[in-house]
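There are 2 protein chains.
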Amino acid sequence: MKAVILLSGGLDSTVCMSVAEQAGYEIIPISFAYGQRHSRELDSAKFVAQYYGVKRHVIIETNMRAIGGSALTDNIEVPAGEESHSDADIPVTYVPARNLIFLSYALGLAEVEQAEKLFIGVNALDYSGYPDCRPEFIQKFQEVADYATKAGVQQKRIIVETPLQHLTKAEIIKLGMANQAPLHLTTSCYQGGEEACGICDSCVLRLKGFREAGFEDPIKYALRK
Amino acid sequence: MKAVILLSGGLDSTVCMSVAEQAGYEIIPISFAYGQRHSRELDSAKFVAQYYGVKRHVIIETNMRAIGGSALTDNIEVPAGEESHSDADIPVTYVPARNLIFLSYALGLAEVEQAEKLFIGVNALDYSGYPDCRPEFIQKFQEVADYATKAGVQQKRIIVETPLQHLTKAEIIKLGMANQAPLHLTTSCYQGGEEACGICDSCVLRLKGFREAGFEDPIKYALRK
């Protein structure tokens, strides 16, 4: 019984992986080197995969940067705090169709591995800004997945699971702690430095989540707000 | 008025591009170096793009081979003639979720370029074997596209066009000739040699199409059946 997991090396995807592992699946993580501005998150993904002793960790290399259009892959400055949303509340850190691309690869891998499940750690917090994190998007992806694959044609559907969908950051952290997920190995900071900056949107959200969950964040910060 | 075109360098995608060009779109081709066993098709895509004098030709590099599972990217022998279909009539040359992955990148590019259309040269001949060439798949992709992008959220839909969908190979060739598409620059052979082999499924289908259309195929063959 296998499951493919989209593993970025961030907190959410790591907790998502812990859920699949706890459910008894043989977990096959897939990660992407896609022209991110820093490699720290991908390093975290490798550490998390090692922590779980997976047999196979697929790393897809792609110059997604070539399509352009986002602060996470272009040389647009990543905003801190209040300034980060623009353009009808879609963050400038949005990468066009990124989750669709990631899910498509993961689906191909799930088909090759004859996996039953495909886990992705999208959640309610992302809905506001990223169109391809919304439940409606995931539902539509499930439908296209059923038509895109041999597995679908042959009535062996690959089911997309989003166990974090309705959770707050604090709830995700509690779940990760309960599952003994290696949160100390994860990276969330947009800056990608040796220590997390503590001031970018992502750090602020993470620190707030740990406070609300009642746990100390095990990673190092340059500044804890 | 822009359109993104999935351009493999094969006959179908080149004719598809000629349709978009004739319709008056500024054409933006996107091609993939995805671990194909030969680079000849991609070279053809570059020549076709040059022929049309496009401003931008996006080439996505990706080790899709890392997910495994197909004769076109693995070291499985590409079959000739009758032996090529297996596994409930899905060809061994099938790459899991390939069109879904390609379309996802193209959608991202269309969003960045604020293109109105996304052209893909899938057609009736492909339906039998490749799940992700079927009209139902394209319809489902259109739906997920509407949810995956900022463009969709903001009511500026990117429309997927499949002008070759119901055409036979002979009809596609006639259309290409009428549009003065550079068919002499295209590659169809699975073997990727200096000359087309003339015996693989793809060559046989192409030669038959030209015969039925009443034209001489302008490319060179080692053997014309």
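Residue numbers (my numbering), protein chains in the order written: chain X, -4 to 220; chain E, -4 to 220.
Yeah, the Cβ is synthetic: ideal placement off N, Cα and C, and Gly gets one too.
It should be emphasised that the depicted structure is a prediction, and the values quoted were computed from it without experimental measurement.
Just the chain X side, please: which residues come within less than 8 Å of residue i by C-beta, in chain order?
i	result
E:Gly103	Met59, Ile62, Gly64, Val90, Pro91, Ala92, Arg93, Leu95, Ile96
Cβ of residue i less than 8 Å from any chain E Cβ?
i	result
X:Val14	no
X:Ile55	yes
X:Ser8	no
X:Gly4	no
X:Glu77	Bear in mind that a pLDDT of 38 at X:Glu77, under 50, signals an unreliable position, so the model cannot answer this.
X:Lys(-3)	no
By the criterion of Cβ-Cβ separation under 7 Å, what are the contact partners of residue i in chain E?
i	result
X:Lys135	Glu138, Val139, Tyr142
Residue i CB to nearest chain X CB: under 8 Å?
i	result
E:Arg129	yes
E:Ile36	In the sequence as presented, Ile is not what sits at residue 36 of chain E; that position holds Glu. It does not; no Cβ of chain X falls within 8 Å.
E:Ser99	yes
E:Phe132	yes
Residue i: which of the options sits nearest, CA to CA?
i	options	result
X:Tyr224	X:Tyr125, X:Asn118, X:Lys50	The requested residue 224 of chain X does not occur in the structure, where chain X is confined to residues -4 to 220.
E:Tyr142	X:Leu2, X:Ala143, X:Ile133, X:Ala110	X:Ile133
E:Ile54	X:His52, X:Val199, X:Leu162, X:Asn58	X:Asn58
E:Glu16	E:Gln175, E:Ser39, E:Cys192, E:Val199	E:Gln175
X:Arg32	X:Met(-4), X:Arg129, X:Val90	X:Val90
E:Ala165	E:Ile22, E:Val10, E:Thr182	E:Val10
X:Asn118	X:Arg93, X:Lys112, X:Ile167, X:Ala140	X:Ile167
E:Leu170	E:Lys135, E:Gly187, E:Thr144, E:Glu207	E:Glu207
X:His52	X:Asp38, X:Arg152, X:Ala61	X:Asp38
E:Ser3	E:Tyr100, E:Gly116, E:Ala61, E:Val139	E:Gly116
E:Cys198	E:Glu211, E:Thr182, E:Gly209	E:Thr182
X:Gly48	X:Ser13, X:Arg60, X:Thr144, X:Gly204	X:Ser13
X:Glu56	X:Ala40, X:Gly30, X:Glu36	X:Gly30
E:Arg93	X:Thr144, X:Lys135, X:Arg93, X:Leu200	X:Thr144
E:Gly188	E:Glu36, E:Ile23, E:Ile22	E:Glu36
Rounded to the nearest angstrom, what separates residue i and residue j at their Cα positions?
i	j	result
E:Gln137	E:Ser8	19 Å
X:Cys195	X:Lys215	14 Å
E:Ala110	E:Gly103	10 Å
X:Ser34	X:Ile25	15 Å
E:Val107	X:Gly63	7 Å
E:Ala191	E:Gly5	12 Å
X:Ala105	X:Ala28	19 Å
E:Val(-1)	E:Ile154	10 Å
X:Pro213	X:Met172	11 Å
E:Ile71	X:Tyr125	Confidence at E:Ile71 is low in this model, with a pLDDT of 48, below 50, so its placement is unreliable and the value that follows should be read with caution. C-alpha separation (whole angstroms): 40 Å.
E:Leu218	E:Phe210	17 Å
E:Gln186	X:Phe97	30 Å
X:Ala44	X:Arg152	26 Å
X:Arg60	E:Ser99	14 Å
E:Ile23	E:Ala40	12 Å
X:Arg200	X:Met(-4)	In the sequence as presented, Arg is not what sits at residue 200 of chain X; that position holds Leu. Each residue's Cα considered, the two are about 34 Å apart.
E:Pro158	X:Ala18	45 Å
Skipping 5 residues on each side, what residues in its chain have a beta carbon closer than 6 Å to that of residue i?
i	result
X:Leu95	Asp127
E:Gly76	At E:Gly76, the pLDDT of 46 sits below 50, so the modelled position is not reliable; the number obtained from the coordinates is stated separately. Same-chain partners within the cutoff: there are none.
E:Leu162	Asn118
E:Phe114	Ala(-2), Ile0, Cys11, Ala15, Glu156
E:Lys112	Ala(-2), Ile154, Glu156
X:Gly204	Lys164, Ala165, Ile168
Along chain E, which residues have their Cβ under 8 Å away from the Cβ of residue i?
i	result
X:Val107	Ile62, Gly63, Gly64, Pro91
With a threshold of 8 Å on Cβ separation, who are the neighbours of residue i within its own chain once the five nearest residues in sequence on each side are excluded?
i	result
E:Tyr46	Pro177, Leu180
X:Gln160	Val117, Asn118, Ala119, Pro130, Ile133
X:Leu202	Gly193, Asp212, Tyr216, Arg219, Lys220
X:Lys135	none
Note down, in chain order, each residue of its chain lying with its Cβ closer than 7 Å to the Cβ of residue i, except the 5 sequence neighbours on either side.
i	result
E:Cys184	Ala191, Cys192, Cys195, Ser197, Cys198
X:Phe42	Leu180
X:Ala140	Leu102, Gly147, Ile153, Val155
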